[in-house]
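Asker: Below you will find the structure I want to go over with you.
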């Protein structure tokens with residue numbers, strides 16, 4: 001099977017502000033050389049902490065942010081090379097759900113107008129047809145037709161997120177990039193939205209890229225998981241592989257840092273990462289994680305590890321992947 | 001918490017009724033507009049009719065007043081009430097006209113600078129800086145000296161000096177709205193630049209625009225007054241509140257009413273416009289409405 | 001035995017143009033020295049307003065309209081503004097969610113810590129600085145002397161939260177209120193900060209009120225838990241009982257709706273509906289509209305917190321049935 005989406009060496013640099021008349025100034029690598037592929041019908045979860053570049057990656061794939069270098073191949077076509085009408089057409093297949101349900105809906109438009117707009121732009125439906133389609137979409141995400149006549153501010157966060165999902169669905173896309181779609185919502189609402197996304201995926205044969213900082217929700221929704229640290233993918237594998245035989249020390253620490261809602265597991269020994277995220281404008285030499293890694297060696301300080309296949313379909317960027325280390329008696 | 005606050009069922013009228021200042025503003029503005037429209041029918045006298053015998057008569061409640069001149073007469077014996085009534089026309093036309101000019105020019109340039117950024121931003125904002133650096137009065141004097149005074153020139157001259165404030169504020173708003181996710185969402189849907197600008201960004205700066213315009217109507221009326229005061233605005237026999245102010249300046253010690261009444265008219269109108277503007281901003285915000 | 005803090009029937013209301021919003025509606029709990037009470041709830045549950053009420057920081061249009069807040073036996077609601085000010089930061093202190101906005105951007109962090117000492121203990125400049133640097137060291141900041149002279153924007157989120165903890169604990173308060181202290185932080189940093197709060201509180205025998213929406217954090221930190229919903233405490237028990245024998249349908253639903261990190265699931269349990277409108281005072285149970293156990297009786301009469309086992313308080317007419 002061919003991948004639906006392939007990302008190759010995707011990079012985003014932000015130049016640091018120039019000071020006065022000086023010409024030279026550094027750059028922050030928000031995303032550096034990310035490669036990944038998403039298969040049709042699967043959900044790829046992207047997990048990482050703030051500043052790891054996961055949102056930047058999502059925005060670049062949707063071409064809502066111009067990459068500095070790299071390729072975004074959607075069904076084999078490089079999205080970064082198309083412009084104008086061709087780009088507009090390409091966008092139909094690739095939609096986005098945003099994090100903040102408050103800023104992602106135009107407060108001056110009625111909900112029905114918000115959902116109808118993409119279809120109007122692409123001239124898909126008109127008049128009665130369009131109205132019908134809007135109410136079908138409202139129902140698909142669990143809202144009523146009458147609610148279409150209201151303005152966004154009359155809805156709760158979870159309902160707004162449903163509206164955003166309906167808008168993304170309206171063009172019948174193949175891929176939806178969900179950028180932290182539940183992190184602004186109340187706990188009891190998060191489960192509603194996660195279930196909804198899963199139901200819609202089955203119904204519309206959708207492919208998701210699900211970006212989140214929360215490992216439990218990533219585990220629930222994803223088939224495969226990519227872990228990012230400081231602009232790079234440090235580990236990518238199926239969900240089962242990640243949770244049963246983690247390879248990268250950062251992923252391990254991330255897994256152990258998640259507080260578990262069970263007080264009987266409290267006293268369990270666990271690794272708490274020391275130190276802070278390094279400054280992305282001045283990343284550490286060698287492996288970017290070596291400053292916080294409990295297992296780092298001399299080699300890690302010098303040599304940057306490449307993302308290599310450690311087991312079938314399980315890639316990690318570490319000189320000493322965890323399982324191997326145990327075998328070798330480190 | 002937001003959606004817990006129950007929405008009131010609202011209509012335009014109930015909204016106006018709910019706002020005391022808004023109602024006051026609306027009443028004032030409506031009154032001035034009606035007076036301006038129906039000036040020839042309301043005014044007791046020809047505003048330019050001289051009567052050298054009845055010079056500087058005080059308003060009705062003072063000693064030596066004439067019953068036929070309610071608010072007294074000026075230094076040439078012209079009826080102040082009639083002049084106030086006719087003067088409202090110029091003040092309103094210049095006020096609204098100049099605001100339209102500056103609002104249109106400034107908003108457009110601010111949109112361009114904020115939305116496209118890069119060189120258009122540099123060009124527009126540096127020009128705005130330059131405009132800002134020159135005292136506006138000086139600028140207007142030069143422009144008026146070149147083109148020559150008159151109602152239309154007055155509108156354009158004042159309008160073109162005031163665009164800077166719109167451009168700046170609109171640009172700032174555009175920059176912040178551009179970063180909101182609904183603009184990104186529109187782009188992801190394939191919206192054209194025109195749609196982004198006019199459907200998504202412009203409606204969301206309307207409230208700022210309205211508040212700014214309310215203030216600007218006020219400044220404009222005052223500018224017209226200062227220009228007329230300097231003799232660069234309206235030429236006799238036309239009359240504006242500004243020219244009346246300037247006519248009365250020499251008599252302020254002895255006959256205060258000549259300049260005080262037009263001054264009051266300006267103040268009250270300006271306040272009315274500001275109150276109305278504030279109210280309008282609220283009304284146009286869908287967050288204030290609920291259609292149940 | 002008298003408690004460090006005893007809150008009885010606290011009511012805090014907000015006057016809005018549309019009526020009275022009962023943000024906190026008759027809340028009671030106690031905190032002892034060295035004990036951590038977690039108040040857990042979603043947005044609008046009243047958990048933050050509860051903490052603001054204890055701190056005397058509820059401002060217009062809100063007002064504490066009923067109940068009492070006994071701190072070491074003294075009713076805080078009777079304090080004058082000045083007495084309250086002297087209490088805050090010294091005997092009772094607070095850590096807020098967003099360390100960037102709770103620190104003053106124009107002063108160095110060192111100044112902000114020593115300022116607290118100088119106000120409450122009248123220390124001189126040098127002694128205050130000495131103590132502040134010690135405190136920065138205690139909260140795990142390397143190079144404390146250097147960091148003393150830094151401004152908040154020069155520090156990372158985790159460092160700023162450490163500074164906030166330093167400010168909160170420098171006067172060795174008896175009660176610490178931590179209002180979503182790690183919500184703005186990354187999970188690896190969160191683990192550090194939680195560990196730090198726990199360690200320092202134990203050392204100083206501080207009573208802690210932890211306000212959070214994160215049940216994982218509750219399970220890690222709390223001794224006792226109060227679950228709030230719609231301005232009321234619906235369940236109040238030890239942390240083990242809350243997680244292992246939840247007896248209010250809301251607590252149960254909340255726990256069930258969390259995705260598990262150790263299991264693969266096909267579907268999540270989800271509570272229907274949204275959080276209640278606190279403007280409408282309901283006759284019956286606030287949770288009834290979302291409750292699968294609700295019956296006619298639940299809509300008609302308000303349940304009260306009642307004992308359902310040892311120190312396990314539940315406000316539900318059907319607690320027995322719910323617990324199963």
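Protein chains in written order, with the UniProt record's numbering: chain R, 1 to 330; chain P, 1 to 292; chain W, 1 to 324.
Glycine included, each C-beta is placed from N, C-alpha and C at the ideal position.
Given the structure is predicted, the values throughout are model-derived calculations rather than measurements.
Determine the contact status of residue 303 of chain R and residue 275 of chain R, defining contact as a CB-CB distance below 7 angstroms.
Answerer: Start at 1 with the first residue of the first chain, and residue 303 of chain R comes out as number 303. Start at 1 with the first residue of the first chain, and residue 275 of chain R comes out as number 275. In this structure, residue 275 of chain R does not lie closer than 7 angstroms to residue 303 of chain R by Cβ.
Asker: Can you pull out the residues from the stretch 178-198 of chain W whose beta carbon lies closer than 8 angstroms to at least one beta carbon of chain R?
Answerer: 186, 187, 188, 189, 190, 191, 192, 194, 195
Asker: Which partner residues of residue 71 of chain R appear in the DSSP bridge assignment?
Answerer: Against the first chain, residue 71 of chain R aligns to sequence position 71. In DSSP, residue 71 of chain R forms a bridge with R:8.
Asker: Pull up the CB-CB distance for residue 258 of chain W and residue 246 of chain W, whole angstroms please, since I reckon it's below 8 angstroms.
Answerer: By one-based count along the third chain, residue 258 of chain W stands at place 258. By one-based count along the third chain, residue 246 of chain W stands at place 246. Contact between residue 258 of chain W and residue 246 of chain W does not hold, since the beta-carbon distance rounds to 12 angstroms and is not under 8 angstroms.
Asker: Name, please, each residue of chain W whose Cβ falls closer than 7 angstroms to the Cβ of residue 322 of chain R.
Answerer: Within the first chain, residue 322 of chain R is the residue found at index 322, counting from 1. Residues of chain W passing the Cβ test: none, with the nearest at roughly 17 angstroms.
Asker: Report the residue from R:32, R:6, R:44 whose alpha carbon sits nearest the alpha carbon of residue 340 of chain R.
Answerer: Residue 340 of chain R is absent from the model: chain R starts at 1 and stops at 330.
Asker: Would DSSP call residue 129 of chain P helix, strand or coil?
Answerer: As a working note, residue 129 of chain P is residue 129 in the second chain. Helix, per DSSP.
Asker: Taking the runs of the alpha helix (DSSP H) that are 4 residues or longer, which of them lie wholly in the stretch 162-219 of chain R?
Answerer: 187-204
Asker: May I ask you to list, following chain order, the residues of the stretch 243-259 of chain W that have a beta carbon less than 9 angstroms from some beta carbon of chain R?
Answerer: 243, 244, 250, 253, 254, 255, 256, 257, 258, 259
Asker: For residue 228 of chain P, report the span of its alpha helix (DSSP H) as first-last.
Answerer: Locating residue 228 of chain P in the second chain gives position 228, where the first residue counts as 1. Per DSSP, residue 228 of chain P belongs to the alpha helix (DSSP H) from 202-229.
Asker: Could you check whether the stretch 112-124 of chain R touches the stretch 145-159 of chain R, counting it as contact only if at least three pairs of C-beta atoms, one from each stretch, sit closer than 8 angstroms?
Answerer: yes
Asker: With three or more beta-carbon pairs closer than 8 angstroms as the criterion, would you say the stretch 16-32 of chain W touches the stretch 99-115 of chain W?
Answerer: Result no; under three Cβ-Cβ pairs closer than 8 angstroms.
Asker: Does the ligand ZN have even one heavy atom less than 6 angstroms from the beta-carbon of residue 46 of chain P?
Answerer: With respect to the ligand ZN, the structure offers nothing, as it holds no ligand at all.
Asker: Would you say residue 282 of chain P lies against chain R (beta-carbon separation less than 7 angstroms)?
Answerer: Looking up residue 282 of chain P in the second chain gives position 282. It does not: the Cβ of residue 282 of chain P has no partner Cβ on chain R nearer than 7 angstroms.
Asker: Could you pull the start and end residues of the alpha helix (DSSP H) that residue 158 of chain W belongs to?
Answerer: Locating residue 158 of chain W in the third chain gives position 158, where the first residue counts as 1. Residues 157-169.
Asker: Would you mind sorting residue 304 of chain W into buried or exposed? The rule is 16 or more other CB atoms within 10 Å of its CB.
Answerer: Within the third chain, residue 304 of chain W is the residue found at index 304, counting from 1. Residue 304 of chain W comes out exposed.
Asker: Taking the straight line between their C-alpha atoms, what separation do you get for residue 109 of chain P and residue 47 of chain R?
Answerer: Locating residue 109 of chain P in the second chain gives position 109, where the first residue counts as 1. Locating residue 47 of chain R in the first chain gives position 47, where the first residue counts as 1. Looking at the backbone, the Cα of residue 109 of chain P and that of residue 47 of chain R are separated by about 42 angstroms.
Asker: Does the separation of the CB atoms of residue 128 of chain W and residue 114 of chain W fall below 7 angstroms?
Answerer: Taking the third chain and counting its residues from 1, one reaches residue 128 of chain W at position 128. Taking the third chain and counting its residues from 1, one reaches residue 114 of chain W at position 114. Cβ distance < 7 angstroms, so residue 128 of chain W and residue 114 of chain W count as in contact.
Asker: Output the residue ranges of the beta strand (DSSP E) runs that lie fully inside the stretch 90-139 of chain R and measure 3 residues or longer, sorted by chain position.
Answerer: 94-97
Asker: Helix, strand or coil, according to DSSP, for residue 233 of chain R in the structure here?
Answerer: Residue 233 of chain R sits at position 233 when you count from the first residue of the first chain. In this structure, residue 233 of chain R counts as strand in the three-state DSSP scheme.
Asker: Can you name the start and end residues of the alpha helix (DSSP H) that residue 29 of chain R belongs to?
Answerer: Position 29 of the first chain, counting from 1, holds the residue named residue 29 of chain R. Where residue 29 of chain R is concerned, there is no enclosing alpha helix (DSSP H), although the beta strand (DSSP E) it sits in stretches over 27-38.
Asker: Flag residue 257 of chain R as yes if its beta-carbon sits less than 7 angstroms from any beta-carbon of chain W, otherwise no.
Answerer: Taking the first residue of the first chain as 1, we reach residue 257 of chain R at position 257. At a cut-off of 7 angstroms between beta-carbon atoms, residue 257 of chain R makes contact with chain W.
Asker: Using 7 angstroms as the limit for Cβ to Cβ distance, is residue 220 of chain R near chain A?
Answerer: Here chain A cannot be found, since the structure's protein chains are R, P and W.
Asker: What does residue 69 of chain P reach in chain R if we use C-beta pairs closer than 9 angstroms?
Answerer: Numbered from its first residue, the second chain carries residue 69 of chain P at position 69. Those within 9 angstroms of residue 69 of chain P in chain R number zero; the least Cβ separation is about 52 angstroms.
Asker: Who does residue 38 of chain W pair with in a DSSP beta bridge?
Answerer: Working through the third chain from its first residue, we reach residue 38 of chain W at position 38. For residue 38 of chain W, which the question treats as bridged, DSSP gives the partners W:210, W:225.
Asker: Counting only Cβ pairs nearer than 8 angstroms, list the residues of chain W close to residue 276 of chain R.
Answerer: For the purposes of this step, residue 276 of chain R is taken as residue 276 along the first chain, with counting starting at 1. Those within 8 angstroms of residue 276 of chain R in chain W are 156, 158, 159, 189.
Asker: Can you give me the Cβ contacts of residue 248 of chain P inside the same chain, cut-off strictly under 6 angstroms, excluding the 5 residues immediately before and after it?
Answerer: Along the second chain, one-based indexing puts residue 248 of chain P at 248. Hits under 6 angstroms: 258, 259.
Asker: Within 10 Å of its beta-carbon, does residue 216 of chain R have 16 or more other beta-carbons around it, so buried, or fewer, so exposed?
Answerer: What you label residue 216 of chain R is simply residue 216 of the first chain in a count that begins at 1. Answer is buried; the Cβ neighbour count reaches 16.
Asker: For residue 17 of chain W, count neighbouring Cβ atoms within 10 angstroms of its own Cβ and tell me buried if that reaches 16, exposed if not.
Answerer: Stepping through the third chain from its first residue, residue 17 of chain W is reached at position 17. With fewer than 16 Cβ atoms within 10 Å of its Cβ, residue 17 of chain W is classed as exposed.
Asker: With 9 angstroms as the limit, tell me which residues of the stretch 175-189 of chain P have their beta carbon closer than that to any beta carbon of chain R; keep them in chain order.
Answerer: 179, 180, 181, 182, 183, 184, 185, 186, 187, 188, 189
Asker: I want to verify the contact list: residues of chain P whose CB lies under 7 angstroms from the CB of residue 88 of chain R, in sequence order.
Answerer: Working through the first chain from its first residue, we reach residue 88 of chain R at position 88. 190, listed in chain order.
Asker: With burial defined as no fewer than 16 other Cβ atoms inside 10 Å of the residue's Cβ, what is the status of residue 243 of chain W: buried or exposed?
Answerer: Taking the first residue of the third chain as 1, we reach residue 243 of chain W at position 243. With 16 or more other Cβ atoms inside 10 Å of its own Cβ, residue 243 of chain W counts as buried.
Asker: With distances taken Cα to Cα, identify the nearest neighbour of residue 295 of chain W among W:134, W:318, W:15.
Answerer: Against the third chain, residue 295 of chain W aligns to sequence position 295. The shortest Cα separation from residue 295 of chain W among W:134, W:318, W:15 belongs to W:318.
Asker: Count the other CB atoms within 10 Å of the CB of residue 152 of chain P; is the residue buried (16 or more) or exposed (fewer)?
Answerer: The residue given as residue 152 of chain P occupies position 152 in the second chain. Flag for residue 152 of chain P reads exposed.
Asker: Cβ of residue 8 of chain P less than 7 angstroms from any chain R Cβ?
Answerer: Position 8 of the second chain holds residue 8 of chain P. For residue 8 of chain P, the predicted model reports a pLDDT of 44, less than 50, meaning its position is unreliable; a value from the coordinates is still stated below. For residue 8 of chain P, the answer is no, since every Cβ of chain R falls outside 7 angstroms of its Cβ.
Asker: Inspect the beta-carbon positions of residue 158 of chain R and residue 97 of chain R and report whether they are closer than 7 angstroms.
Answerer: On the first chain, residue 158 of chain R is found 158 positions in, with the first residue counted as 1. On the first chain, residue 97 of chain R is found 97 positions in, with the first residue counted as 1. Contact: no.
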